[in-house]
Amino acid sequence: MYLWPLMTKVRVRFAPSPTGALHIGGIRTALYNFLLARKTGGTMILRIEDTDQTRFVPGAEKYILESLAWVGIKIDEGVGPGGPHAPYRQSERKDIYSRYASQLVADGKAYYAFDTEADLEEMRKRTPNAQYDAATRMSMKNALTLSKEEVSSRIAGGAPHVVRLLVSPGQEVLVNDLIRGEVNVSTSQLDDKVLMKSDGMPTYHLANVVDDHLMEISHVIRGEEWLPSAPHHVLLYKAFGWESSMPRFAHLPLLLKPDGNGKLSKRDADRMGFPIFPLNWTDPKTNETSTGFRETGYLPEAMINFLVMLGWNPGTPQEIFSQAELIEAFSLERVGKAGAKFDILKAQWYNQHYLRAKPIAELSEYLLSALKNQNISCSADRAIQIVTALKDRVTYPQDFWEQGKLFFVAPDKFDDAAVSRKWNAEAVKFLKAFRDEVGKEPGLNAERAKGLMEEVAVSQAVKPGQVLAALRIALTGGMAGPDLMQTIEILGGEETARRIAFALQSLSAS
RNA sequence: GGUCCCAUCGUCUAGGGGUUAGGACACCAGAUUUUCAUUCUGGUAACACGGGUUCGAUUCCCGUUGGGACUACCA
Numbered sequence: 074m075y076l077w078p079l080m081t082k083v084r085v086r087f088a089p090s091p092t093g094a095l096h097i098g099g100i101r102t103a104l105y106n107f108l109l110a111r112k113t114g115g116t117m118i119l120r121i122e123d124t125d126q127t128r129f130v131p132g133a134e135k136y137i138l139e140s141l142a143w144v145g146i147k148i149d150e151g152v153g154p155g156g157p158h159a160p161y162r163q164s165e166r167k168d169i170y171s172r173y174a175s176q177l178v179a180d181g182k183a184y185y186a187f188d189t190e191a192d193l194e195e196m197r198k199r200t201p202n203a204q205y206d207a208a209t210r211m212s213m214k215n216a217l218t219l220s221k222e223e224v225s226s227r228i229a230g231g232a233p234h235v236v237r238l239l240v241s242p243g244q245e246v247l248v249n250d251l252i253r254g255e256v257n258v259s260t261s262q263l264d265d266k267v268l269m270k271s272d273g274m275p276t277y278h279l280a281n282v283v284d285d286h287l288m289e290i291s292h293v294i295r296g297e298e299w300l301p302s303a304p305h306h307v308l309l310y311k312a313f314g315w316e317s318s319m320p321r322f323a324h325l326p327l328l329l330k331p332d333g334n335g336k337l338s339k340r341d342a343d344r345m346g347f348p349i350f351p352l353n354w355t356d357p358k359t360n361e362t363s364t365g366f367r368e369t370g371y372l373p374e375a376m377i378n379f380l381v382m383l384g385w386n387p388g389t390p391q392e393i394f395s396q397a398e399l400i401e402a403f404s405l406e407r408v409g410k411a412g413a414k415f416d417i418l419k420a421q422w423y424n425q426h427y428l429r430a431k432p433i434a435e436l437s438e439y440l441l442s443a444l445k446n447q448n449i450s451c452s453a454d455r456a457i458q459i460v461t462a463l464k465d466r467v468t469y470p471q472d473f474w475e476q477g478k479l480f481f482v483a484p485d486k487f488d489d490a491a492v493s494r495k496w497n498a499e500a501v502k503f504l505k506a507f508r509d510e511v512g513k514e515p516g517l518n519a520e521r522a523k524g525l526m527e528e529v530a531v532s533q534a535v536k537p538g539q540v541l542a543a544l545r546i547a548l549t550g551g552m553a554g555p556d557l558m559q560t561i562e563i564l565g566g567e568e569t570a571r572r573i574a575f576a577l578q579s580l581s582a583s
């Protein structure tokens with residue numbers, strides 16, 4: 074029975090490292106954490122894992138904060154709101170880690186090592202599949218092989234050194250994973266992981282375990298790429314004597330590239346023409362700019378709904394979930410084990426759905442603001458009229474401008490293929506007569522336009538079906554668009570007449 | 001190479017010892033729309049393979065194959 078989280082306060086954390094833009098997979102990981110927190114009335118914590126000074130990217134932390142805010146993942150505690158376990162930036166907790174590392178050394182659970190990079194390289198070359206472990210550690214330069222005096226004098230002399238976890242071979246480590254069940258690994262397969270680096274910073278493994286313990290994290294929900302090092306983390310909890318309060322683990326399936334296999338990468342996204350980052354991002358080193366999901370026109374509610382379904386399902390046919398419904402429905406038990414391919418088409422479908430579900434007034438704002446950028450004036454009523462006509466034809470907010478600009482900007486050229494198929498003598502005859510009539514109609518609406526069109530068709534002895542395509546070409550330049558009579562209503566009689574006249578003039582010449 | 005993880009339509013997935021293997025996206029067809037889109041209806045399409053266990057396996061077990069992750073003083 075899964076009672077544990079009901080009895081202990083759920084505290085989960087999202088712990089990205091500020092090495093660049095937050096990947097969309099990171100958003101999903103954060104989302105799963107967030108949903109569990111909300112579901113259980115627990116706490117969502119944001120911790121920044123910036124222990125690698127060489128990979129630190131300025132602006133990345135701000136980007137993480139903005140991205141989470143954009144998709145509606147609210148941080149209860151941590152970087153940003155602060156909290157009782159501050160600081161939440163690992164670089165600011167340096168001395169905490171070294172204290173715990175020293176404790177491990179004092180307890181004989183870890184040891185100092187002085188090997189240079191060359192030493193390590195040579196060791197690895199010496200034996201195939203070699204790692205720093207029981208089989209090799211006695212031939213290396215460390216506190217296990219050097220005399221006590223030698224070690225003390227080296228440390229006192231400021232010699233560069235690391236702290237390694239002492240892994241005793243021949244034992245089984247059990248990782249109990251909420252998603253994968255029991256994972257057993259022999260300690261003989263595990264290396265003596267570096268805990269403290271020679272620059273005085275902890276590695277992920279140490280910092281992660283110490284912080285999760287200190288911050289009273291109840292569930293570690295992270296990507297599957299961490300599963301292989303989870304046994305080390307279990308070993309660390311044991312070494313510290315924290316086994317009884319060890320968090321539950323849940324290793325999430327990875328997001329895979331849409332074609333072929335492998336982890337979804339920026340490279341794939343670029344290649345296939347879709348975003349990979351939530352927001353626009355400019356790499357401060359290369360100055361390379363990437364377009365985000367937000368700027369591409371994805372709505373946060375669509376992103377959330379799309380991402381949550383990649384690896385989780387409600388067990389019901391429901392596909393559309395508000396954040397509140399997700400919180401209600403979410404459970405780790407229904408997270409799958411297999412990696413999920415990232416299907417941008419599904420994301421588009423969700424986006425289309427959420428976009429169309431918005432109130433017309435809100436949608437018209439998209440058009441209005443685009444018009445403002447173009448310095449085109451438009452009344453609120455007319456914007457609503459246009460947006461209503463376009464509502465079922467859009468995937469992204471900017472489509473309202475893309476598809477709506479024909480109402481503001483007359484075509485100056487015409488689709489050649491359409492013209493050659495649909496532009497003929499009959500059409501010209503009809504258009505001339507229609508042009509003469511349509512401008513005279515005040516307050517022309519779609520219904521009246523249709524009546525007029527039919528009258529003219531009769532008077533010119535043509536069938537509407539033969540000439541309507543040409544009318545559309547004259548008005549819009551091409552073959553696609555909203556209902557023609559609706560288009561005429563929005564355009565107005567005079568503009569309609571003007572466009573027909575222009576088309577007649579430019580197309581009869583050729 | 002080693003360790004670990006994974007395996008149902010093209011994709012996301014439901015399901016589970018006996019089912020017409022269900023849904024969604026995508027795709028295809030028809031209807032509506034005097035265009036395109038929308039909408040509606042219908043359709044194509046999956047249990048990787050081989051052994052067990054069993055009266056019966058897609059489901060349970062083992063193996064194979066395939067895929068993935070990790071294999072740094074990166075996270």
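The first sequence: position 165 = 238 (the numbering used here), numbered continuously. Heads up, the beta-carbon is just placed ideally off N, CA and C, and yes, glycines get one too.
Does the Cβ-Cβ distance between residue 263 and residue 304 come in under 8 Å? yes
Take residue 564 as the anchor and find which of 216, 251, 334, 522 has the nearest alpha-carbon. A check of alpha carbon separations from residue 564 across 216, 251, 334, 522 identifies 522 as the nearest.
When burial is assigned at 16 or more other CB atoms within 10 Å of the CB, is residue 127 buried or exposed? Burial call: exposed.
Would you check if the distance between the CB atom of residue 165 and the CB atom of residue 156 is smaller than 8 Å? Result no, Cβ atoms of residue 165 and residue 156 do not sit closer than 8 Å.
Beta-carbon proximity list for residue 194, same chain, < 6 Å, skipping 5 on both sides: none
Mind checking residue 113: buried by the 16 CB within 10 Å criterion, or exposed? buried
List the endpoints of the continuous alpha helix (DSSP H) containing residue 317. It is not in any alpha helix (DSSP H) - residue 317 carries neither H nor E in the DSSP assignment.
If you follow the alpha helix (DSSP H) that residue 195 is in, where does it begin and where does it stop? 190–199
From the DSSP output, read off the bridge partner residues of residue 296. 325
First and last residue of the uninterrupted alpha helix (DSSP H) at residue 509: From DSSP, the alpha helix (DSSP H) with residue 509 extends over 498–511.
Rounded to whole angstroms, how far is the Cβ of residue 484 from the Cβ of residue 439, which I believe are closer than 8 Å? Not really, about 23 Å apart at Cβ, beyond 8 Å.
Do the CB positions of residue 136 and residue 95 come within less than 8 Å of each other? yes
If you reduce the DSSP assignment to three classes, tell me which class residue 209 lands in. coil
Consult DSSP for residue 355 and reduce its assignment to one of helix, strand or coil. strand
DSSP beta-bridge partners for residue 162? 121
Quick check: the region 113–124 against the region 139–150, are there 3 or more CB pairs under 8 Å? yes
Pull up the distance between the alpha-carbon of residue 524 and that of residue 514, whole angstroms please. Distance between the alpha carbons of residue 524 and residue 514: 12 Å.
Indicate whether residue 535 and residue 507 have their beta-carbon atoms separated by less than 8 Å. no
Whether or not the region 378–396 and the region 100–112 are in contact is what I'm after, with contact meaning three or more pairs of Cβ atoms, one per stretch, closer than 8 Å; do they touch? yes
For residue 425 and residue 461, what's the separation of their Cα atoms in angstroms? Near 15 Å, if we compare the C-alpha coordinates of residue 461 and residue 425.
Can you look up residue 450 in the DSSP assignment and give me helix, strand or coil? coil
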